[in-house]
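Heads up: the sequence shown at position 368 corresponds to 368 in the working numbering, and the numbers run straight through without jumps. Glycine included, every Cβ here is placed at the ideal spot set by N, Cα and C. Since we're looking at a predicted model, the values are computed, not measured. Before any comments, here is the structure.
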Amino acid sequence: MLKELVKKLIPTPLLERYHYALAVLGTLVYRNPSHKLMVIAVTGTKGKSTVVELIRAIFTEAGYTVAVANTIRFAIGGESEPNLFKMTMPGRFYLQKFLHKAVAAGATHAVIEMTSEGARQHRHVGIELDALVFLNLQREHIESHGSMEQYAEAKLSLARHLETSSKRPRFIIANADDPSAKRFLEAEVEVRAPFSLKDAEPYAVDERNVRFVWRPTASSGAPPTAVGGELFAVPLPGLFNLYNMLAAITLASELGIPVAVIKKALEHIGPIPGRAERVEKGQKFAVVVDYAHTPDSLHALYETYKESRIIAVLGSTGGGRDTWKRPEMGTLADEYAAVAILTNEDPYDEDPQKIVQEIAKGFSKKKPHIILNRRAAVREALREAHAGDAVLITGKGTDPYIMGPRGAKEPWSDKKVVEEELAKLGYH
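What follows is the structure, given as structure tokens:
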């Protein structure tokens, strides 16, 4: 691809200056729209898009007009369009243009998913932050960043970016159960609020719901009225979503949103597209579409559905991206799934057969099925399912394309394909 060739030919320092200059120019062209909004950034390896959606739901329930930019979509108030970029933080002025549009539409708040890749390319430059929410730091993008420490540094640069903001007060919300939280909570800002599973005890999680008593620790700075405990019952599955909820609740509480408003917003939340999203057409087995594409996220999803007989459909991104994870993902599918089907995800210029064979190296208890055609793999999984089973289709979530060699894009939707294949089986 021409884009990749240009990246190889231009020295990295020159590329970084180019990206920085573009970001500054975008700020000037669109007259610094972030100054006219309360801007919350959400970062971490996993859960960013979901937390953005949870925060949006809370702020909307509180009466604000909210703009959101994440891997799933770009939305301002009630208007929404899918993110078709195959990236979370588009460049070329896009975020500044989006914020400018949000201001013009009367938005008061913007919630933006910020990535290490975007930070490395300075796409956050010129966006004045009011708050940063840190979720977790897990192994990912190692090839891209060079090492885990450099990956962490890219994330931490967002905390330093918050320190330079002219907004007051500035907030940092961090998952205290993650070892990297300490570094984020050292940021020199006015409000530093940790959150932890201890804030949610007792709690219960299953395939459909999370129930917990929110009783934040004194260190979180939550209002005294909340410390007595508030029972939440939220229709999202898994322990990973409990962490996501705690991040959103802690931020909203620190910003003065009443607990009753937070609770109402979360208890009426709809499914998050492509994030442990159930596809229900009257079948007696669960079908779940999820973005999980690393060992950590795959483990979290499989653990959530471990009481069911799991039929797993999985693959791995090609193009040399985090190849270390392939056998580990295979090992997880081998451990948790009764049936595992390995298939295409986004091969780019890599041989799809080679990718799935590397995943297959992680299997020792059973032999996985290999069906490279993703639709055929989904079809086989659905045919294999019986009442009470869980078909878990991972890796793409809301991704709009399957990326092939030489930049080829095949329009795609896991959810749509599932619906079409269920219809063929008589489920409508």
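Sixteen is the threshold: when 16 or more other Cβ atoms of the shown chains lie within 10 Å of the Cβ of Gln121, as they do, the residue is buried.
Look at Asn175 here: in three-state DSSP terms it is strand. In the three-state scheme derived from DSSP, where H, G and I count as helix and E and B as strand, Tyr18 is classed as helix. In this structure, the straight-line span from the alpha carbon of Asn373 to that of Glu163 is close to 48 Å. Within the stretch 244-323, the complete alpha helix (DSSP H) segments at least 4 residues long are 259-267, 295-304, listed from N- to C-terminus. For Ala381, the enclosing alpha helix (DSSP H) begins and ends at 374-384. Within the model, the alpha-carbon separation for Ala333 versus Val378 is close to 16 Å. Here the alpha carbon of Leu392 sits roughly 14 Å from the alpha carbon of Pro295. For Glu163, the three-state secondary structure derived from DSSP is helix. In its chain, beyond the 5 residues on either side, Ala276, Glu277, Arg278, Val279, Leu301, Tyr305, Ala390, Val391, Leu392, Ile393 have a beta carbon closer than 8 Å to the beta carbon of Val288. The closest CA to that of Ser80, considering only Leu314, Val313, Ala105, Phe93, is found on Ala105. For Asp414, same chain residues with a beta-carbon under 6 Å away, outside a window of 5 residues either side, are Val289, Ile393, Lys396 in chain order. Excluding the 5 residues flanking it on each side, Glu149 has no same chain C-beta neighbour closer than 8 Å. Remark: C-beta atoms of Ala187 and Ile173 do not approach each other more closely than 8 Å. DSSP places His100 outside any beta strand (DSSP E); the residue lies instead in the alpha helix (DSSP H), whose first and last residues are 94-104. Membership of Glu328 in the alpha helix (DSSP H) is indicated by the continuous run 325-336. Counting the other CB atoms within 10 Å of its CB gives Phe240 a total of 16 or more, which places it among the buried residues. Here Val42 is actually not in contact with Val125; their C-beta atoms are around 18 Å apart, not less than 8 Å. In the pairwise beta carbon analysis, the stretch 130-137 is classified as touching the stretch 37-51: at least three pairs are separated by under 8 Å. Three or more beta-carbon pairs separated by less than 8 Å are not found between the stretch 239-255 and the stretch 334-350, which leaves the two stretches without contact. Boundaries around Ser116 are those of the alpha helix (DSSP H), 116-120, since no beta strand (DSSP E) includes it.
For the pair Tyr94 and Lys281, the CB atoms are not nearer than the 8 Å cut-off.
When only Cα atoms are considered, Phe184 and Pro82 end up about 31 Å apart. Excluding its 5 nearest sequence neighbours in each direction, Ala312 has C-beta neighbours in its own chain below 6 Å: Ala333, Ala337, Ala340, Leu392, listed in chain order. Taking a contact to require three or more Cβ pairs closer than 8 Å, the stretch 195-203 and the stretch 152-167 do not qualify as touching.
The residues Leu342, Val356, in chain order, have a CB closer than 6 Å to that of Ile370 in the same chain once the five nearest residues on each side in sequence are set aside. In this structure, Ile58 sits near Ile262, with a CB-CB distance shorter than 8 Å.
The criterion of a C-beta distance shorter than 8 Å is not satisfied by Val111 and Pro33.
Beta-bridge analysis with DSSP links Arg211 to Ala204, Ala233. For Ile393, the enclosing beta strand (DSSP E) covers residues 390-394. Our two residues, Lys101 and Ala107, have alpha carbons roughly 9 Å apart in a direct line. According to the DSSP secondary-structure assignment, Val39 is paired through a beta bridge with Ala110.
Taking C-beta separations shorter than 6 Å and ignoring five residues to either side along the sequence, the partners of Thr331 in its chain run Gly362, following chain order. In the structure shown, Ala62 adopts coil according to DSSP, grouped into three states.
DSSP places Ala187 outside both helix and strand once states are collapsed to three, so it counts as coil.
Nearest neighbour of Lys354 by Cα position, chosen from Gly388, His386, Ser316, Glu380, turns out to be Ser316.
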